[in-house]
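Report on the following structure.
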Amino acid sequence: MSPEAFNNLFSLLIGFAVAGALASGYQAMVRRPAGFGLLQQGVVAQSFAAIPFLMFAAPFIIMRNTLLGPRIPERPRRRAEFVMLATVLAGTWSMMSGTVLLMGLHAVGVIT
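Given below as C-alpha cells:
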C-alpha cells in the first residue's frame with residue numbers, strides 16, 4: 005500500500021471515529037440523537053454553535069439516517085443507488101474532516 009493511500013485510509017477512519025464519538029457524546033448529554041435539525045432553530049447562538057459540531061459529526065449522522073431509515077414503517081425501502089450515494093458522500097466527508105483533524109494534530113505537534 006502506498007503512503008498516500010495509507011494516509012487517505014487513516015484520514016477516513018479517523019473521520020468516522022471522531023464523527024461517531026461526537027454524535028454519541030451529544031446523544032449521551034442531551035438524551036436525543038444529533039441531526040441536521042440543529043440548524044433549524046433560527047438565528048440564535050445554538051445554530052451557530054451547531055455548525056462546527058455538524059462539520060465533524062455529519063458522516064455518522066448521514067450513515068445512521070441511511071441505515072436506520074428503512075426500519076421506520078411509514079417509509080418505503082431505500083433504493084440501492086441512494087444508499088450507495090449516501091455512503092460515498094459520508095465517506096468523502098469523513099476523509100475530508102479526518103484530513104483536517106490530522107492536519108490540526110500535526111500543527112500542534114501531537115503527531116509528526
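Each number in my numbering corresponds to the 1-based position in the sequence shown with 4 added.
The beta carbon of each residue, even a glycine, is placed where N, CA and C say it ideally should be.
8 angstroms Cβ shell around residue i - same chain, five flanking residues per side excluded
| i | result |
| --- | --- |
| Ile55 | Leu43 |
Inter-residue Cα distance where the pair is residue i and residue j
| i | j | result |
| --- | --- | --- |
| Val114 | Phe57 | 22 angstroms |
| Val87 | Met5 | 28 angstroms |
| Leu17 | Thr103 | 10 angstroms |
| Leu89 | Tyr30 | 26 angstroms |
| Thr96 | Asn11 | 14 angstroms |
| His110 | Thr116 | 6 angstroms |
| Ala9 | Ala27 | 27 angstroms |
| Gln50 | Gly41 | 11 angstroms |
| Glu85 | Thr91 | 10 angstroms |
| Ala25 | Arg35 | 15 angstroms |
Among the options, the one whose alpha carbon lies nearest that of residue i
| i | options | result |
| --- | --- | --- |
| Phe20 | Ser51, Ala62, Val48 | Ala62 |
| Arg81 | Ala90, Leu89, Thr70 | Thr70 |
| Val22 | Leu109, Leu105, Ala111 | Leu105 |
| Leu13 | Met107, Ala27, Ser98, Phe40 | Ser98 |
| Pro37 | Arg68, Met107, Val112, Gly46 | Arg68 |
Contact set for residue i: own chain, Cβ-Cβ below 6 angstroms, skip 5 residues either direction
| i | result |
| --- | --- |
| Ser101 | Gly19, Phe60 |
Anticipated Cβ contact below 8 angstroms, residue i with residue j, distance rounded
| i | j | result |
| --- | --- | --- |
| Leu93 | Ile66 | 6 angstroms |
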